[in-house]
Amino acid sequence: MDESYRNLTDFLRRTSVTETFVDILLCTVPIWLAVMIGLLIGWSWRPRWTGFVYLGFRSKLRFLCTVPPGFGARRVWLAFTALSAFSVCRTLWSRLGSSEMKPEDSETEAISRLGDKETEKEQEIVTKKDLKHLLYLLEAGNANMEWQSMMDKSTPNMSYTAWRHEPQSGPVVYRSRTVFEDATPDIVRDFFWDDEFRPKWDPMLAYFKTLEEDLQTGTTIVHWIKKFPFFCSDREYIIGRRIWESGNKYYAVTKGVPYPALPKRDKPRRVELYFSSWIIKAVESRKGDGQLTACEVSLVHYEDMGIPKDVAKLGVRHGMWGAVKKLNSGLRAYQTARKAGAALSRSAQIARITTKLNVDMAETSRVEEEERGRAIENVRRQKEQLSVDWKLIVVGGVALACGLHSSAIGKALMVGAGQRLARR
79 MDESYRNLTD FLRRTSVTET FVDILLCTVP IWLAVMIGLL IGWSWRPRWT GFVYLGFRSK
139 LRFLCTVPPG FGARRVWLAF TALSAFSVCR TLWSRLGSSE MKPEDSETEA ISRLGDKETE
199 KEQEIVTKKD LKHLLYLLEA GNANMEWQSM MDKSTPNMSY TAWRHEPQSG PVVYRSRTVF
259 EDATPDIVRD FFWDDEFRPK WDPMLAYFKT LEEDLQTGTT IVHWIKKFPF FCSDREYIIG
319 RRIWESGNKY YAVTKGVPYP ALPKRDKPRR VELYFSSWII KAVESRKGDG QLTACEVSLV
379 HYEDMGIPKD VAKLGVRHGM WGAVKKLNSG LRAYQTARKA GAALSRSAQI ARITTKLNVD
439 MAETSRVEEE ERGRAIENVR RQKEQLSVDW KLIVVGGVAL ACGLHSSAIG KALMVGAGQR
499 LARR
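So the number in the numbering used here is just where the residue sits in the sequence shown, counting from 1, plus 78.
Rendered as structure tokens:
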């Protein structure tokens, strides 16, 4: 019984199932909305003689409403109710399962400290552990984590590729690789750190302030407030930042940190779980001239914004390319301003204070994280081998309850859902 419950819980946590039902709803809701609008308009403009026809067929209409074929109103209502109940039960089981799950059994441990709540002093600032975490996610951990391709686009002076990883618990992890043509690592480093220039290209940043600075290590703590769409309140960030340097590479780490001097408020809502870090290095230009005139930025990002995961994924997927194009335009404007002799801002000056990175330490950290990832991957594979494939059971049950098999539209939706599950 416990094993069956655990298998069912693992299945409900898989986002592919949720995305499948969301796709079904996105397909059915517009269709039935159009049908209802058409019926409303047609009924309001009906000729008078149709009233007599309606009286003659009233008994038949009652019968059709009582026993609807295919996609009848009662069956559609049953379908939506079942899907809503499924979503609520999935959330409840996820919460119950997370309270009983051991830390070593959670895939959150595979990406290291996604939900870490330690309160030691060294965890309240940016440390070498955060650097090791960045190296694992971008280098050592790629082979141990399942990355789904999201985007691969380019412009004449920039190329962008993005992936995402969906752990069983915790926020979605995004990884990207951006190559800026005719840009140096130094200018890109200053650009990302320059809060004074950021509002010129990032419309979401509504407020910023530097709270603390360490002129020895270059560590800073900044306060951000970002504007969100109308259906979400603004979000507040307390971010610790630090840059390491090794050869011609920069390792920039930013993460959410506690700050007791600035207590939390109801609005804007504070985002406590936040990690956004990147590696900057010079690479060969795609012009093929053999010169290192391009700059590559390898980014990893995750945060818990306090909104449903599926809604957050939908927003990221639709707004990602627009945000990347604004970032590229901002970098080009920043380059122009610097060439024109614009003075360095305070935050850009702090970006030049870096910590020299010991290459041996970086290599050791990658080996340690890789071994740890392999061990966790073996445990996850053993669990998958023992798990029951609940996808066909749930999809088939919902299809039977909703009467999808008796409608051409239902068959098309079920074929699309089956193909989506097969791809995953």
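Think of the CB as a built atom: it goes at the ideal place given N, C-alpha and C, for glycine as much as any other residue. All of these numbers come straight from a predicted model, not from anything done at the bench.
With distance defined between alpha-carbon atoms, name the residue in the options nearest to residue i.
i, options, result
"residue 339", "316, 111, 267", "316"
"residue 357", "235, 205, 263", "263"
"residue 424", "346, 289, 247", "289"
"residue 430", "298, 118, 304", "298"
"residue 292", "114, 433, 112", "433"
"residue 294", "359, 223, 427", "427"
"residue 406", "259, 384, 419", "259"
"residue 343", "370, 390, 303, 215", "303"
"residue 282", "333, 397, 417", "397"
"residue 307", "367, 389, 331", "389"
"residue 359", "372, 347, 368", "372"
"residue 245", "387, 334, 436", "387"
"residue 214", "400, 419, 355, 421", "355"
"residue 235", "336, 250, 393, 363", "363"
Helix or strand or just coil, what does DSSP make of residue i?
i, result
"residue 419", "coil"
"residue 264", "helix"
"residue 248", "coil"
"residue 273", "coil"
"residue 208", "helix"
"residue 293", "coil"
"residue 317", "strand"
"residue 288", "strand"
"residue 282", "coil"
"residue 174", "Bear in mind that a pLDDT of 49 at residue 174, under 50, signals an unreliable position, so the number given afterwards is only what the model happens to contain. Helix."
"residue 227", "strand"
"residue 185", "Any answer about residue 185 is weak, because its pLDDT of 39 lies below 50 and its placement is not dependable; what the coordinates show is given next. Helix."
"residue 403", "helix"
"residue 428", "helix"
"residue 305", "coil"
"residue 203", "coil"
"residue 116", "helix"
My guess is that residue i and residue j are in contact by the Cβ rule of under 8 Å, so how many angstroms apart are they, rounded?
i, j, result
"residue 375", "residue 266", "6 Å"
"residue 212", "residue 329", "6 Å"
"residue 254", "residue 351", "With 8 Å as the limit, residue 254 and residue 351 do not qualify as a contact, their Cβ atoms being about 19 Å apart."
"residue 323", "residue 349", "So it is not a contact: roughly 28 Å between Cβ atoms."
"residue 395", "residue 223", "Not a contact, Cβ separation roughly 19 Å."
"residue 333", "residue 208", "6 Å"
Examine the ligand FAD and report whether any of its heavy atoms sits within less than 7 Å of the Cβ of residue i.
i, result
"residue 426", "The ligand FAD is not among the ligands present in this structure, which contains no ligands whatsoever."
Where DSSP assigns a beta bridge to residue i, which residues make up the other side?
i, result
"residue 213", "Paired residue(s): none; residue 213 is not in a bridge."
"residue 257", "237, 374"
"residue 433", "322"
"residue 298", "291, 319"
"residue 232", "237"
"residue 243", "251"
Contained beta strand (DSSP E) runs [length at least 3] in the region 322-389, N- to C-terminal order
Fully enclosed beta strand (DSSP E) runs of no fewer than 3 residues occupy 327-334, 352-361, 372-381 of the region 322-389, in order along the chain.
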